[in-house]
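Structure record follows, encoded as structure tokens.
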Amino acid sequence: MVFSSIVFLFYFMPLFFLVYFLVDRRLKNWVILAGSIVFYAWGAPQFIFVILATTVADFYIVRMMDASRTDWLRKLLLSLSLSINLGLLFYFKYSNFFVQNLNHVLQQIGMKQVGWTSLVLPIGISFYTFETLTYVVDVYRKVHKPLRNFWDYQLYIILFPKLIAGPIIRFHDFADQIYDHTEHENAENRLRGLYRFFIGLGKKILIANVMGAAADTVFNIPHQELGTATAWWGALSYTFQIYFDFSGYSDMAIGLGLMMGFRIPENFNNPYTATSITDFWRRWHITLGSWMRNYLYIPLGGNRGSKWRTYINLWIVFLASGLWHGAAWGYVAWGAYHGFFLVMERLFLGKWLAKLGKASFIYSFFVVLIGWVFFRIEHIRPSLAYLGRLFSWHKSSEAWLPTTEYYTIFAVACLFSFFTIANWGQRIQQRFFYAPYPVRRHYLVATLMLVICLLSASRIATSSFNPFIYFRF
Amino acid sequence: MKRNIPQKIILVFFFVVLLAPLLQQKFHIVESGRLFGAITDSPDVNFTIRGWWDGSYQKKKTFYLNDSFGFRTDFVRMNNQVDYFLYHRINQRSTVVGKNGVLFERSYIDEYNGKDFVGDPEIRGKLEKLKAIQDTLTRLGKTFVFVYAPSKAYYFPDDFPDDLPKVSSKNTNYRSFRRIGDSLGINQIDCNAWFVKMKGKTEGILMSKGGVHWTFYGALMAADSIVRYVENARHIDMPRFLWKEAWLGEPRPQEVDLIAAANLIYPIAKDEYRYPILLEENDSLKTKPDMIFLGDSFLWTFAYNNVMPHISKNWEFWYYFRQAWNQDVGSGKIPTIDLGNYDWFQSLMQKDCLVMLYTEPNLPSIGNDFIEKAYDKFYPKK
Numbered sequence: 053m054v055f056s057s058i059v060f061l062f063y064f065m066p067l068f069f070l071v072y073f074l075v076d077r078r079l080k081n082w083v084i085l086a087g088s089i090v091f092y093a094w095g096a097p098q099f100i101f102v103i104l105a106t107t108v109a110d111f112y113i114v115r116m117m118d119a120s121r122t123d124w125l126r127k128l129l130l131s132l133s134l135s136i137n138l139g140l141l142f143y144f145k146y147s148n149f150f151v152q153n154l155n156h157v158l159q160q161i162g163m164k165q166v167g168w169t170s171l172v173l174p175i176g177i178s179f180y181t182f183e184t185l186t187y188v189v190d191v192y193r194k195v196h197k198p199l200r201n202f203w204d205y206q207l208y209i210i211l212f213p214k215l216i217a218g219p220i221i222r223f224h225d226f227a228d229q230i231y232d233h234t235e236h237e238n239a240e241n242r243l244r245g246l247y248r249f250f251i252g253l254g255k256k257i258l259i260a261n262v263m264g265a266a267a268d269t270v271f272n273i274p275h276q277e278l279g280t281a282t283a284w285w286g287a288l289s290y291t292f293q294i295y296f297d298f299s300g301y302s303d304m305a306i307g308l309g310l311m312m313g314f315r316i317p318e319n320f321n322n323p324y325t326a327t328s329i330t331d332f333w334r335r336w337h338i339t340l341g342s343w344m345r346n347y348l349y350i351p352l353g354g355n356r357g358s359k360w361r362t363y364i365n366l367w368i369v370f371l372a373s374g375l376w377h378g379a380a381w382g383y384v385a386w387g388a389y390h391g392f393f394l395v396m397e398r399l400f401l402g403k404w405l406a407k408l409g410k411a412s413f414i415y416s417f418f419v420v421l422i423g424w425v426f427f428r429i430e431h432i433r434p435s436l437a438y439l440g441r442l443f444s445w446h447k448s449s450e451a452w453l454p455t456t457e458y459y460t461i462f463a464v465a466c467l468f469s470f471f472t473i474a475n476w477g478q479r480i481q482q483r484f485f486y487a488p489y490p491v492r493r494h495y496l497v498a499t500l501m502l503v504i505c506l507l508s509a510s511r512i513a514t515s516s517f518n519p520f521i522y523f524r525f
Numbered sequence: 008m009k010r011n012i013p014q015k016i017i018l019v020f021f022f023v024v025l026l027a028p029l030l031q032q033k034f035h036i037v038e039s040g041r042l043f044g045a046i047t048d049s050p051d052v053n054f055t056i057r058g059w060w061d062g063s064y065q066k067k068k069t070f071y072l073n074d075s076f077g078f079r080t081d082f083v084r085m086n087n088q089v090d091y092f093l094y095h096r097i098n099q100r101s102t103v104v105g106k107n108g109v110l111f112e113r114s115y116i117d118e119y120n121g122k123d124f125v126g127d128p129e130i131r132g133k134l135e136k137l138k139a140i141q142d143t144l145t146r147l148g149k150t151f152v153f154v155y156a157p158s159k160a161y162y163f164p165d166d167f168p169d170d171l172p173k174v175s176s177k178n179t180n181y182r183s184f185r186r187i188g189d190s191l192g193i194n195q196i197d198c199n200a201w202f203v204k205m206k207g208k209t210e211g212i213l214m215s216k217g218g219v220h221w222t223f224y225g226a227l228m229a230a231d232s233i234v235r236y237v238e239n240a241r242h243i244d245m246p247r248f249l250w251k252e253a254w255l256g257e258p259r260p261q262e263v264d265l266i267a268a269a270n271l272i273y274p275i276a277k278d279e280y281r282y283p284i285l286l287e288e289n290d291s292l293k294t295k296p297d298m299i300f301l302g303d304s305f306l307w308t309f310a311y312n313n314v315m316p317h318i319s320k321n322w323e324f325w326y327y328f329r330q331a332w333n334q335d336v337g338s339g340k341i342p343t344i345d346l347g348n349y350d351w352f353q354s355l356m357q358k359d360c361l362v363m364l365y366t367e368p369n370l371p372s373i374g375n376d377f378i379e380k381a382y383d384k385f386y387p388k389k
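Taken in sequence, the protein lines are chains A and B.
Under our numbering, read the first sequence as residues 53 to 525, first letter to last.
Under our numbering, read the second sequence as residues 8 to 389, first letter to last.
Rendered as structure tokens:
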């Protein structure tokens, strides 16, 4: 079930919150749990049992680990839990990729290929696997005590707003909220959460889908027929699509969480205004970056070793990040590409960019845009062919022409992507998202949100193009 | 207790808004309008464990809810209205908004610009077979005539939208059909050329800005030409279309079908139409030949307005050579005839006239297999 669907918007969401708001405080977590199971079971009935089974195993392994006083047993149980979770992730997400590549090699050397039936990827497995890992590791590191009972743990993993496409919530950031979230649940938070949900819905439906339709058309044009201007429109469209799609989803998740009193961490902070790629990764998919830093980069040694060791660690993290997004060489190339610029910025580029000040966002945006070509196409050779069209000055064909709607939404996308470069933009953002609202502002914002809600719903009612990009990861 | 009262009111309001479609679907609280056009709503589905497990239940239920949620028609109209207001776009398959409020089906503009041109050899191949059929029918004492229905693109060429500019292409299906048809001696009535020539000179409007087809008035003019042709060819006196007076009024639904199918909240302004009131004529002395009308949707204007029974005694309307209507179908005595299970050839042999009528975008598929099948019947391969 996707948030931007009629089933969710007009059936699941109002009914869920109607029950949730009406039941006694002691029953609220049970309502969330039941709602989350229904939510996931609607879209992935076969995999709900995979989640339930792994969470049972994890919960009891971690409980044993916490109770254990011997170091070797703690390490053994940690390894067991990590093996189960990562094993499942590798099995479902990477075995197709591994077998395909193995067969390619076997074919090259004239050997018989391995027989294999392709697996279906369970929705959201990359997200909930990372969350289960934070639980195991945080308890192992004694950052936080394990949860009291299994259903609390189940709630942490399966909480429907963030289950499928994040944000990735680290256990120690969330553990206490399981018990005290209802204390933050008041009319103000419920309303601000609802506003946030509608903002996300509008970003997804009114902006990302328009950009996505254009990107799909352009990227589906055979590369040899692609004109240079069209190729740039396609790359720009995808750049805005992926931002408004994913940040829209995160907004909806944060909003839904806030309506229940949960403080789900922010996942984006105007990433296209970043002044370097290093800065970009502090603003884009923040919770993934934070996870990678805490659970991979720092255990690898972080920047405590030599300069070159730090660079290697950075590359490893970004290769892993690429692979986390998808089992294809295009993602690996995308990770390596970002890792390359991060290392360059540490070597010398960062100093140059600092001199440019805010204007260096042009550099970051350009680098990121080029990177998205690998991400969108997923394979290296066609990505390079597409990049070739970007820089080869071919005359554009009529296979895709921007419409008035496209130009309008493109302008809106540019405005909302870049307006915080200006100080006034930051002030507006601060007032809108983080400052307390006087009653008059509530009326104003509520009216705006009603318009966004109705426009989005009317668009969903007539549109068949409604995919979420990050569901695949 | 008084804290956050405005927030609570706003929150309740939003939940009423979010719950309203569900409540409307269950209880039909208010009358919500219907949508026009060819719409197939998905049926509801019963829950089964198996259906849930393989995902088919969720898929079908989602389709059903998408099609049936309360106020859906209002949401669709709202979306269409916003698109029309902001982008001058009609969310109806292939409809484009031209200048001066003229709506076009895209295929008509493409034909005008020669984008779907299939080439002279293919057209000649079809028309040579059609000429052979015409010759055989003539030998059998039957009358054949091919009618070019008018194309809106030729009628309103200066009103094309800016992003679909007019191209002066000599290579269009219409021009090639006319030229090759003339050279082969095919009996033709060119309503397209006549409509363009008479634009603005007739008492009533021939083609509407908001429809795909001709107006009722335009259809009567075309029917009158067909009657005159058949009269001359068969040396008979057929019933004519007599009207007492003309009055201004709202267009008939078929005349503004594109406006209706746009499903807007505030429909695009419609023209006022001059309608002839047909006079009942004592036609006992007139001859009504048995006729077959084969063609596309332009013939519906004849069918809806009783043109066919007015001029023909035993008539049949073969729609795209797929389905057939006659007097019995029209009066509900028998269901629509599937031409695949019908002895159409015998029927053709029993009739006096065959009128084939196609509009320009449909010329590449002229006859819809009739030409090939009739040719094979008349000239079987040895």
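Where is the CB? At the ideal position from N, CA and C, for every residue including glycine.
Q. Is S131 (chain A) buried or exposed, if buried means 16 or more other CB atoms sit within 10 Å of its CB?
A. As a position in the first sequence, residue 131 (chain A) is number 79, starting the count at 1. Its Cβ having fewer than 16 others within 10 Å, S131 (chain A) is exposed.
### E112 (chain B): first and last residue of the uninterrupted beta strand (DSSP E) it sits in
Taking the second sequence and counting its residues from 1, one reaches residue 112 (chain B) at position 105. That run of the beta strand (DSSP E) goes 110 to 112.
Item to complete: Evaluate I414 (chain A) with the Cβ neighbour count: other Cβ atoms within 10 Å of its Cβ, from every protein chain shown; 16 or more gives buried, anything less gives exposed.
Response: Residue mapping note: residue 414 (chain A) aligns to position 362 of the first sequence, counting from 1. Exposed, because fewer than 16 other Cβ atoms sit within 10 Å of the Cβ of I414 (chain A).
Residues within the region 61 to 74 of chain B neighbouring chain A, beta-carbon criterion of under 7 Å: G62, Q65, T69, L72, N73
- Task: Determine contact between the region 151 to 163 of chain A and the region 201 to 211 of chain A, defined as no fewer than three beta-carbon pairs at a distance below 8 Å.
- Result: no
ask   = From I521 (chain A) to V464 (chain A), what does the alpha carbon distance come to, in whole angstroms?
value = Along the first sequence, read from residue 1 onward, the residue named residue 521 (chain A) stands at position 469. Along the first sequence, read from residue 1 onward, the residue named residue 464 (chain A) stands at position 412. Here I521 (chain A) scores only 48 on pLDDT, less than 50, and its place in the model is too uncertain to base an answer on.
At a cut of 8 Å, does the region 322 to 331 of chain A reach the region 401 to 412 of chain A through at least three beta carbon pairs?
yes
Beta carbons nearer than 9 Å to chain A: which residues of the region 170 to 189 of chain B have them? D170
Close-in-space but distant-in-sequence residues of the same chain around V151 (chain A) (CB under 7 Å, 5 per side omitted): The count along the first sequence starts at 1 and reaches residue 151 (chain A) at position 99. Contacts found: V166, W168.
Legend entry - C-beta atoms of L144 (chain B) and I378 (chain B) nearer than 7 Å: As a first step, residue 144 (chain B) must be located in the second sequence, where it is residue number 137. As a first step, residue 378 (chain B) must be located in the second sequence, where it is residue number 371. Contact: no.
| request: Say whether chain B places a C-beta atom closer than 7 Å to the C-beta of F271 (chain A). | output: Numbered from 1 along the first sequence, position 219 holds the residue referred to as residue 271 (chain A). With 7 Å as the cut-off, F271 (chain A) does not count as an interface residue toward chain B.
What does N11 (chain A) touch in chain B if you count any residue whose Cβ is under 8 Å from its own? This structure cannot speak to residue 11 (chain A), because chain A is shown only from 53 to 525.
Worksheet item: In this structure, does DSSP put W360 (chain A) in helix, strand or coil?
Response: The sequence position of residue 360 (chain A) within the first sequence is 308, counting from 1. Correct three-state label for W360 (chain A): helix.
inquiry  = Please list the terminal residues of the continuous alpha helix (DSSP H) segment that includes Y311 (chain B).
reply    = As a working mapping, residue 311 (chain B) is identified with position 304 in the second sequence. Y311 (chain B) -> alpha helix (DSSP H) spans 306 to 311.
Exercise for review: Measure from the alpha carbon of M201 (chain A) to the alpha carbon of each residue in A:G279, A:V108, A:F249, A:V90, then state which is nearest.
Suggested key: Indexing the first sequence from 1 puts residue 201 (chain A) at position 149. Note that residue 201 (chain A) is Asn in the sequence shown, not Met. Ranking the options by Cα distance to N201 (chain A), first place goes to A:V108.
Output yes if chain A places a C-beta closer than 7 Å to the C-beta of K122 (chain B); else output no.
The residue labelled residue 122 (chain B) in the question sits at position 115 within the second sequence. No, its Cβ sits nowhere closer than 7 Å to a Cβ of chain A.
If contacts are defined as beta-carbon pairs under 8 Å, then G391 (chain A) and L366 (chain A) qualify, I think. What distance do you get, rounded to the angstrom?
Along the first sequence, read from residue 1 onward, the residue named residue 391 (chain A) stands at position 339. Along the first sequence, read from residue 1 onward, the residue named residue 366 (chain A) stands at position 314. Their Cβ separation, rounded to whole angstroms, is 6 Å, which keeps G391 (chain A) and L366 (chain A) in contact under 8 Å.
Are the region 160 to 177 of chain B and the region 95 to 110 of chain B touching by the rule of at least three beta carbon pairs closer than 8 Å?
-> yes
Exercise. Cα-Cα, which of A:T282, A:I58, A:F426, A:Y180 is closest to I136 (chain A)?
Worked result: Counted from its first residue, the first sequence places residue 136 (chain A) at position 84. Ranking the options by Cα distance to I136 (chain A), first place goes to A:Y180.
field: Length of the line joining the Cα atoms of M304 (chain A) and M85 (chain B)
entry: Taking the first sequence and counting its residues from 1, one reaches residue 304 (chain A) at position 252. Taking the second sequence and counting its residues from 1, one reaches residue 85 (chain B) at position 78. Rounded to whole angstroms, M304 (chain A) to M85 (chain B) spans 23 Å at the Cα level.
In angstroms, rounded to a whole number, what distance separates the CA positions of Y236 (chain B) and V152 (chain B)? Mapped onto the second sequence, residue 236 (chain B) falls at position 229. Mapped onto the second sequence, residue 152 (chain B) falls at position 145. About 8 Å.
Chain-ordered chain A contacts of K106 (chain B) [CB-CB under 8 Å]: The sequence position of residue 106 (chain B) within the second sequence is 99, counting from 1. Near K106 (chain B) there are no residues of chain A at all, since even the closest Cβ is about 15 Å away, more than 8 Å.
Notebook entry, point to check: What does F21 (chain B) reach in chain A if we use C-beta pairs closer than 7 Å?
Noted result: Here residue 21 (chain B) is taken as the residue at index 14 of the second sequence, counted from 1. Simply L246.
* So, I97 (chain B) versus I187 (chain B), is the Cβ gap smaller than 7 Å? -> Within the second sequence, residue 97 (chain B) is the residue found at index 90, counting from 1. Within the second sequence, residue 187 (chain B) is the residue found at index 180, counting from 1. Not closer than 7 Å, so no.
At what residues does the beta strand (DSSP E) containing M298 (chain B) begin and finish?
Looking up residue 298 (chain B) in the second sequence gives position 291. Here the beta strand (DSSP E) through M298 (chain B) covers 298 to 302.
Considering only residues of the same chain and omitting the five flanking positions on each side of S527 (chain A), which have a CB-CB separation below 7 Å?
No answer is possible for residue 527 (chain A): it lies beyond the span of chain A, which begins at 53 and ends at 525.
inquiry  = Assess contact between the region 455 to 474 of chain A and the region 299 to 315 of chain A, defined as three or more Cβ pairs (one per stretch) separated by less than 8 Å. Is contact present?
reply    = no
| Which ranges would you report for the alpha helix (DSSP H) in the region 302 to 382 of chain B if only whole runs of at least 4 residues count? | 306 to 311, 314 to 318, 334 to 337, 351 to 357
Exercise. Just list the beta strand (DSSP E) runs in the region 438 to 473 of chain A, keeping only unbroken ones of 3 residues or longer that don't cross its boundaries, in chain order.
Key: none
- So, do the region 490 to 504 of chain A and the region 14 to 25 of chain B have three or more beta carbon pairs nearer to each other than 8 Å? yes
Review point. Relative to chain C, which residues along the region 170 to 200 of chain A have a C-beta separation below 8 Å, given in chain order?
Key: Annotation note: the requested chain C is absent from the structure, which comprises protein chains A and B.
query: I196 (chain B) by DSSP, collapsed to three states: which one?
result: Numbered from its first residue, the second sequence carries residue 196 (chain B) at position 189. Correct three-state label for I196 (chain B): strand.
Exercise for review: Quick one: grab the DSSP three-state call for T256 (chain B).
Suggested key: Counting from one through the second sequence, the residue named residue 256 (chain B) turns up at place 249. Here residue 256 (chain B) turns out to be Gly, not Thr, going by the sequence shown. In this structure, G256 (chain B) counts as strand in the three-state DSSP scheme.
message: Are the CB atoms of V384 (chain A) and L394 (chain A) within a distance shorter than 7 Å?
response: The sequence position of residue 394 (chain A) within the first sequence is 342, counting from 1. The sequence position of residue 384 (chain A) within the first sequence is 332, counting from 1. No, the Cβ-Cβ distance between L394 (chain A) and V384 (chain A) is not below 7 Å.
_Please report whether the beta-carbon of S510 (chain A) lies at a distance below 7 Å from any beta-carbon of chain B._
Taking the first sequence and counting its residues from 1, the one referred to as residue 510 (chain A) is at position 458. Chain B contact via Cβ: present.
TODO: Identify whether F149 (chain A) lies in helix, strand or coil by the three-state DSSP scheme.
DONE: For the purposes of this step, residue 149 (chain A) is taken as residue 97 along the first sequence, with counting starting at 1. DSSP places F149 (chain A) in helix when its eight states are reduced to three.
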